[in-house]
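Asker: Residue numbers (our numbering): 385 to 445.
Have a look at the structure that comes next, please.
Shown next, in the form of structure tokens:
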């Protein structure tokens, strides 16, 4: 795998992570509050773990 492909994968992970964490943060600090925002945080963290796992798996391939 080329360096540019690996760089693109890590850049994509960073952008998705920043977007999802920003979305989860805004939901938790807004009307939902922290405790009602916890389920969304769990979903965000789980999705990011899946994204990182799949990306690392494709890099090692």
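All residues carry an ideal CB built from backbone N, CA and C; glycine is no exception.
1) Please confirm if the segment 427-435 is in contact with the segment 404-414, defined as three or more CB-CB distances below 8 Å between the two stretches.
2) Secondary structure at residue 390, three-state DSSP: helix, strand or coil?
3) With 16 other CB atoms within 10 Å as the buried threshold, where does residue 396 fall?
4) At a cut-off of 8 Å, would you count residue 421 as near the ligand ZN, judging by its Cβ distance to the nearest heavy atom?
Answerer: Taking the geometry as given:
1) yes
2) helix
3) exposed
4) As for the ligand ZN, it is missing from this structure, which has no ligand bound.
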